[in-house]
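J.: Can you read through this structure? Questions will come right after.
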Amino acid sequence: MASILAAEQTRFTPLADNAELARALDEANVPTLLAAYVYLSHDSAMLEAFAPHIRPAFSYPPTDIPEALADELRLKLRHLLTTGEGLAAGAPADALVQRIMSVTVGEPVEDEFIELVYDQCGFRPWIDRSKLPDRPAPKAGFKVLVIGAGMTGMAAATKLREAGYEFVVIEKNAEVGGTWYENRYPGVGVDTPSHFYSFSWEIWPDWQHYHPHGADMQRYMTGVADKYDLRRDIRFNTTVEKLVWDAKSCTWTVTVRNADGTSEDLVVNAVINGHGPVNRLKMPDIAGLSDFNGPVVHTAAYPADLDLKGKRVAVIGTGASSAQLCGAIAPEVAELTVYQRTKHWVIYNPEIAHEVSQGMKWALGNIPTFKEWFRFRVYWAAADGLFSNVLKDPAWAENMLAVSEGNEMTRQYALGYMQQRFADRPDLIEKLTPDFPIFSKRIILDNGWFDALARPNVHLETQGIARILPNGIEAKDGSVFECDVIICATGFNVSQMVGNLVIKGEGGRELGEEWGTEDPRSYLGMCVPGYPNYFHTVGPNSAPNHAAGQNLISEAQVNWIIEALDRINESGARAFEVKQEAFDAWNRKVDERMPQMIWTHPRANSYYNNSKGRVFLSWPWRLVDFFNETRRPQPGSYRLID
3 MASILAAEQT
13 RFTPLADNAE
23 LARALDEANV
33 PTLLAAYVYL
43 SHDSAMLEAF
53 APHIRPAFSY
63 PPTDIPEALA
73 DELRLKLRHL
83 LTTGEGLAAG
93 APADALVQRI
103 MSVTVGEPVE
113 DEFIELVYDQ
123 CGFRPWIDRS
133 KLPDRPAPKA
143 GFKVLVIGAG
153 MTGMAAATKL
163 REAGYEFVVI
173 EKNAEVGGTW
183 YENRYPGVGV
193 DTPSHFYSFS
203 WEIWPDWQHY
213 HPHGADMQRY
223 MTGVADKYDL
233 RRDIRFNTTV
243 EKLVWDAKSC
253 TWTVTVRNAD
263 GTSEDLVVNA
273 VINGHGPVNR
283 LKMPDIAGLS
293 DFNGPVVHTA
303 AYPADLDLKG
313 KRVAVIGTGA
323 SSAQLCGAIA
333 PEVAELTVYQ
343 RTKHWVIYNP
353 EIAHEVSQGM
363 KWALGNIPTF
373 KEWFRFRVYW
383 AAADGLFSNV
393 LKDPAWAENM
403 LAVSEGNEMT
413 RQYALGYMQQ
423 RFADRPDLIE
433 KLTPDFPIFS
443 KRIILDNGWF
453 DALARPNVHL
463 ETQGIARILP
473 NGIEAKDGSV
483 FECDVIICAT
493 GFNVSQMVGN
503 LVIKGEGGRE
513 LGEEWGTEDP
523 RSYLGMCVPG
533 YPNYFHTVGP
543 NSAPNHAAGQ
553 NLISEAQVNW
563 IIEALDRINE
573 SGARAFEVKQ
583 EAFDAWNRKV
593 DERMPQMIWT
603 HPRANSYYNN
613 SKGRVFLSWP
623 WRLVDFFNET
633 RRPQPGSYRL
643 ID
């Protein structure tokens with residue numbers, strides 16, 4: 003299969019040999035420059051010259067490229083880019099591409115990753131249904147309804163249009179973006195690196211930071227909506243309330259509530275639920291909360307006009323949103339008390355606050371294949387390259403605070419960082435040090451959190467909350483913090499995956515009742531027998547809790563769903579339903595895998611688990627496994643309804 007970038011090589015236009023190019027070559031990531039150069043030139047000798055010097059991310063000793071070798075690369079690439087001399091004809095063979103991958107990340111990249119990298123890093127899409135000459139056009143009148151215009155809903159809209167399906171997106175907000183439209187608290191940001199947390203077909207070179215701020219992420223989402231004209235198929239300020247399956251007509255009747263309060267029924271053939279698990283905020287159940295005299299807000303519904311300057315502020319919770327918020331507000335508030343229920347491991351990533359330099363940004367926007375290769379590098383370091391941290395080593399017996407030697411090394415890295423930051427605050431080290439393995443619950447990336455805790459106006463309260471008073475918060479030790487504002491950074495109702503939706507399938511069965519408040523199960527995080535043509539994205543056991551990658555999961559699920567719709571279309575059927583035996587077999591496979599994972603460690607306890615300890619949220623394999631599993635529905639796993 004020819005690469006879409008190979009076609010670009012045949013139309014190569016030399017770049018101007020100017021100061022911008024020189025600055026870009028000087029500032030850009032060297033292994034990524036190497037990957038771009040060898041991809042364009044097929045100069046494998048230069049690749050092998052670098053091989054002994056590049057080591058995996060987070061390794062010690064780290065990558066150490068001789069400056070003379072880096073300068074030689076810069077000169078060669080500059081000559082190629084400005085003259086076209088040395089540009090190879092066509093794309094390199096798969097074997098050379100794989101060797102580029104392996105050398106530039108400092109470790110072997112096996113065959114199983116090739117298709118994922120080609121697709122997810124923008125070299126060539128796994129499939130573009132609009133360009134398949136023998137693909138039957140979708141049947142006229144077959145309509146798909148998508149719930150939500152966040153990352154998954156926008157992916158669905160883009161790919162449904164590409165595949166030729168008639169569809170409508172129902173979005174409760176006034177704009178696209180989902181999580182990144184709703185979350186506007188000070189300091190809101192993204193744990194996943196910018197250059198990976200985006201659509202594979204719209205790799206953006208214009209990120210301001212290596213980890214995007216919330217506003218940057220929303221700017222990207224609205225930019226995608228503009229470029230692909232997605233809003234023309236979105237009904238904003240509209241909420242989906244009920245889905246009812248009609249077996250006779252093989253249609254779903256979808257009841258929506260409009261902005262003016264009126265309700266309306268829409269009849270569609272299929273539903274893709276992209277409302278996600280992190281848009282139903284969870285307020286804490288604490289006595290007296292409603293009696294507080296001042297503002298009580300949640301980070302996921304943060305008022306734009308809330309002024310905290312000089313105020314006494316209480317923050318309930320110490321997860322990711324709290325850490326981001328506290329880092330941002332601590333310098334401006336008079337006093338800040340943070341109430342911690344559970345501890346979290348904190349990792350220092352020096353890139354999280356770094357701005358992308360102008361030279362690096364220019365390279366991403368102008369050097370052919372550079373942004374694609376940089377995306378690959380980020381994927382490898384921030385996603386599947388971290389998977390070993392969550393896989394138990396059966397031979398590990400050193401302590402109960404890790405599951406493998408590698409996991410223990412990561413724990414020691416985090417512990418060393420904490421001890422170095424709070425060398426003069428043993429009280430904080432005691433309060434903050436977890437007694438469970440790192441990665442058994444969501445980690446925090448430090449972007450001002452430790453700075454905030456070290457400030458004289460900030461207090462970390464670990465005694466627990468007894469009750470809320472009209473003028474403040476009483477801790478369980480009887481102490482009272484008088485405050486002006488309470489901010490709840492208490493997360494979401496993740497386990498209640500249907501939210502307030504009523505979803506009635508075959509025979510009147512109801513999905514919310516079957517799943518209950520905390521025990522959802524599905525096939526591949528998408529399908530449930532008895533609910534034909536209903537696809538629940540980001541569902542049970544599909545979250546990449548070992549690392550970054552929700553964007554990849556969303557794209558992979560959308561791909562699988564459209565393949566399922568194509569099976570209906572190709573056969574002349576009316577509906578697609580996963581078989582009960584396939585559903586049962588899949589859940590047995592997940593259950594058999596979970597004891598091998600860190601999330602079932604005796605000391606693990608997070609929102610990934612329900613109250614009985616079952617891990618209902620996490621995908622227990624790598625991203626590449628999810629990608630490969632969702633290329634198409636497996637024959638025999640489903641039935642088509644005529």
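Each residue of the sequence shown is one higher than the last, beginning at 3 in the working numbering. All C-beta atoms in this analysis are idealised placements derived from N, C-alpha and C, irrespective of residue type, glycine included.
Looking only at DSSP bridge pairs, what is Arg641 linked to?
T.: Note: Arg641 sits in a beta bridge opposite Glu579.
J.: Check whether the segment 308-328 and the segment 404-416 touch, using three or more Cβ-Cβ pairs below 8 Å as the test.
T.: no
J.: Quick check on DSSP: helix, strand or coil for Ser620?
T.: strand
J.: If you follow the beta strand (DSSP E) that His300 is in, where does it begin and where does it stop?
T.: Val298 to His300
J.: Shortest alpha-carbon distance to Pro370 belongs to which of Lys345, Ala217 and Arg80?
T.: Arg80
J.: Quick one: is Ala365 buried, meaning 16 or more other Cβ sit within 10 Å of its Cβ, or exposed?
T.: buried
J.: Measuring alpha carbon to alpha carbon, tell me which residue in Glu243, Gly276, Trp254 and Asn281 is nearest Thr264.
T.: Glu243
J.: Do you know offhand how far Phe585's Cα is from Ile563's?
T.: In this structure, the alpha-carbon of Phe585 lies about 16 Å from that of Ile563.
J.: Taking just the CA atoms, how far does Phe125 sit from Ile6?
T.: Low per-residue confidence applies at Ile6: pLDDT is 49, beneath 50, and the placement is therefore not dependable enough to give any value.
J.: What do you get for His300, buried or exposed, if any count of 16 or more other CB atoms within 10 angstroms of its CB means buried?
T.: buried
J.: For Asn351, which residues of its own chain have a beta-carbon under 7 Å away from its beta-carbon, when the five flanking residues on both sides are left out?
T.: Leu447
J.: Should Asn391 go down as buried or exposed, given a rule of 16 or more other Cβ atoms within 10 Å for buried?
T.: buried
J.: Taking all protein chains shown into account, do 16 or more other C-beta atoms lie within 10 angstroms of the C-beta of Lys478, making it buried, or fewer, making it exposed?
T.: exposed
J.: Which of the three DSSP states is assigned to Leu17 in this structure?
T.: coil
J.: Leaving out five residues before and five after Arg605 in sequence, what residues of the same chain have Cβ atoms less than 6 Å from its Cβ?
T.: Around Arg605: Phe438.
J.: Going by beta-carbon coordinates alone, are Ala416 and Ile445 separated by less than 9 Å?
T.: Using a Cβ distance threshold of 9 Å, Ala416 and Ile445 count as a contacting pair.
J.: Give every residue of the same chain whose Cβ lies closer than 6 Å to the Cβ of Met103, excluding the five residues on either side of it in the sequence, and list them in chain order.
T.: Cβ within range, chain order: Val111.
J.: With a threshold of 16 other CB atoms inside 10 Å of the CB of Lys506, please say whether the residue is buried or exposed.
T.: buried
J.: Would you mind working out which of Val146, Tyr640, Pro637 and Glu631 sits nearest Phe115, comparing C-alpha positions?
T.: Phe115 has its Cα closest to that of Glu631, out of Val146, Tyr640, Pro637 and Glu631.
J.: Looking at the structure shown, is Lys433 part of a helix, part of a strand, or coil, going by DSSP?
T.: helix
J.: Counting C-beta neighbours from all protein chains within 10 Å, is the total for Tyr533 16 or more, i.e. buried, or is it exposed?
T.: So Tyr533 counts as buried.
J.: Using DSSP with H/G/I as helix, E/B as strand and the rest coil, what is Phe629?
T.: helix
J.: If Ala159 and Leu232 are in contact, beta carbons under 8 Å, what's the gap, nearest whole angstrom?
T.: 5 Å
J.: Please specify which runs of the alpha helix (DSSP H), each continuous and at least 4 residues long, are wholly inside the segment 103-162, giving them in chain order.
T.: 116-122
J.: Can you name, in chain order, every residue of its own chain whose Cβ lies under 8 Å from the Cβ of Ala4, other than the five neighbours on each side?
T.: Low confidence applies here, because Ala4 scores a pLDDT of 44, under 50, leaving its location unreliable; read the following figure in that light. Contacts found: Gly92, Ala93 and Arg126.
J.: Contact defined as beta carbons within less than 8 Å: I believe Pro65 pairs with Arg379. What is the distance between those atoms, to the nearest angstrom?
T.: Reading off the sequence shown, one finds Thr at residue 65, where the question assumed Pro. With a Cβ gap of about 11 Å, Thr65 and Arg379 do not count as contacting.
J.: Kindly indicate which three-state DSSP category Ser292 falls into: helix, strand or coil?
T.: helix
J.: How far does the alpha helix (DSSP H) with Thr85 in it reach, from first residue to last?
T.: Glu69 to Thr85
J.: Please state the DSSP three-state secondary structure of Lys591.
T.: DSSP, reduced to helix, strand and coil, places Lys591 within a helical segment of the structure shown.
J.: Between the segment 166-177 and the segment 189-202, can you find at least three pairs of beta-carbon atoms closer than 8 Å?
T.: no
J.: Can you tell me where the beta strand (DSSP E) holding Trp254 begins and where it ends?
T.: Annotation for Trp254: the continuous beta strand (DSSP E) segment containing it runs Thr253 to Arg259.
J.: Leaving out five residues on either side along the sequence, give the residues of the same chain with a beta carbon under 6 Å from the beta carbon of Glu177.
T.: Tyr183
J.: Tell me which same chain residues have a C-beta within less than 6 Å of the C-beta of Arg634, skipping the five on either side of it?
T.: Glu565
J.: Using the Cα positions of Lys345 and Ala24, report the straight-line distance between them to the nearest angstrom.
T.: 47 Å
J.: When we look at the beta-carbon of Phe618 and count the other beta-carbons within 10 Å, is it buried (16 or more) or exposed?
T.: buried
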